[in-house]
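**Q** Below you will find the structure I want to go over with you.
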Amino acid sequence: APPTGNALTSRRPLESVVNQAHLQQLMDMGFTHEQATVALNNTSSLEQATEYILTSSFPPAVQNPLARSMDLDMNDEDQMMRAIAMSLGESEVVTPDQSKVKSKDERADDVLDEKQEVEEPLDAAILDGFTRNIFPGCLNLLDILPETVYRVCDLLIVVMNRNGAEWKEETLGILCRDLCELCEEITLYAQEMNIKAMQTSASAKKFATRLHLLSLLAEEMNLVC
Numbered sequence: 035a036p037p038t039g040n041a042l043t044s045r046r047p048l049e050s051v052v053n054q055a056h057l058q059q060l061m062d063m064g065f066t067h068e069q070a071t072v073a074l075n076n077t078s079s080l081e082q083a084t085e086y087i088l089t090s091s092f093p094p095a096v097q098n099p100l101a102r103s104m105d106l107d108m109n110d111e112d113q114m115m116r117a118i119a120m121s122l123g124e125s126e127v128v129t130p131d132q133s134k135v136k137s138k139d140e141r142a143d144d145v146l147d148e149k150q151e152v153e154e155p156l157d158a159a160i161l162d163g164f165t166r167n168i169f170p171g172c173l174n175l176l177d178i179l180p181e182t183v184y185r186v187c188d189l190l191i192v193v194m195n196r197n198g199a200e201w202k203e204e205t206l207g208i209l210c211r212d213l214c215e216l217c218e219e220i221t222l223y224a225q226e227m228n229i230k231a232m233q234t235s236a237s238a239k240k241f242a243t244r245l246h247l248l249s250l251l252a253e254e255m256n257l258v259c
């Protein structure tokens with residue numbers, strides 16, 4: 035039986051009670067409105083919500099139909115790029131009408147239509163634009179969830195192989211300059227004998243995660259440090 039008016043009404047306020055600042059931060063990171071709302075309704079902090087999105091499998095109604103085209107003949111890098119693009123903001127908005135409960139026959143028809151539908155691969159220009167600007171987002175993610183450094187490293191290796199030597203050198207240069215600036219800030223704390231700031235400041239945490247990332251990248255690419 036379809037949900038009653040009271041049931042629908044009881045579900046709608048969930049969006050309004052989530053922390054709007056956290057909702058906007060998640061959307062600024064590239065997650066969809068639906069992903070952010072679901073994550074915030076199931077967690078108690080921004081960090082937990084971010085990890086919830088990264089580790090959860092969302093229902094088909096939330097995901098972009100582009101996910102189905104991953105079954106086409108694509109290499110591993112293209113599949114990863116498509117998945118990344120979907121998870122960081124390429125998903126389409128689901129309207130209230132689309133989210134209504136459907137009958138069993140209607141759902142069966144939808145599944146059949148989806149299997150029969152053949153979609154074009156994601157345009158290379160879209161992936162080019164996405165991957166060119168991905169590094170700042172990766173650093174922001176590291177600042178919030180330092181434990182994702184291994185996933186970020188894997189992602190950057192794939193993008194470096196895809197975008198070529200020039201993009202790789204530019205990205206490594208940005209990372210090294212970031213480390214130098216953070217090192218200067220930490221050096222000031224050392225000169226002031228401020229041990230606590232050296233250990234717990236935002237600069238110290240950023241320096242640690244970025245240095246870890248550089249070490250992983252160097253190991254993966256056999257770089258001489």
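The working numbering numbers the first residue of the sequence shown as 35 and each following residue consecutively.
Note that beta-carbon positions come from the ideal geometry of N, C-alpha and C, so glycine has one too.
All values reported here derive from a predicted model rather than from experimental measurement.
Indicate the three-state DSSP secondary structure (helix, strand or coil) for asparagine 76 in the structure shown.
**A** Asparagine 76: helix per DSSP, three-state reduction.
**Q** Count the C-beta pairs between the segment 234–242 and the segment 250–257 that are closer than 8 Å, then say yes if the count reaches three, no if not.
**A** No contact exists between the segment 234–242 and the segment 250–257.
**Q** Tell me whether arginine 244 is buried or exposed, calling it buried when 16 or more other Cβ atoms sit within 10 Å of its Cβ.
**A** The residue in question, arginine 244, is buried, as its Cβ has 16 or more Cβ neighbours within 10 Å.
**Q** Going straight from the alpha carbon of leucine 57 to that of lysine 230, what length do you get?
**A** When rounded, the distance between both Cα atoms is 32 Å.
**Q** Check the C-beta distance from leucine 247 over to leucine 209 and give it rounded, since I have them as a contact under 8 Å.
**A** Leucine 247 to leucine 209, Cβ: 7 Å. Contact.
**Q** Could you say which of Glu215, Arg196, Met227 and Thr84 lies nearest to glycine 171 if we only look at CA atoms?
**A** Among Glu215, Arg196, Met227 and Thr84, the Cα nearest to that of glycine 171 belongs to Thr84.
**Q** So for threonine 234, helix, strand or coil by DSSP?
**A** Three-state result, threonine 234: helix.
**Q** Quick one: is alanine 199 buried, meaning 16 or more other Cβ sit within 10 Å of its Cβ, or exposed?
**A** Classification of alanine 199: exposed, given that the 10 Å Cβ count is below 16.
**Q** How should valine 152 be labelled, buried or exposed, when 16 other C-beta atoms within 10 angstroms of its C-beta is the threshold for buried?
**A** Model confidence at valine 152 stands at a pLDDT of 48, short of 50, so the residue's coordinates are unreliable; what they give is reported in the following sentence. By the 10 Å Cβ count, valine 152 comes out exposed.
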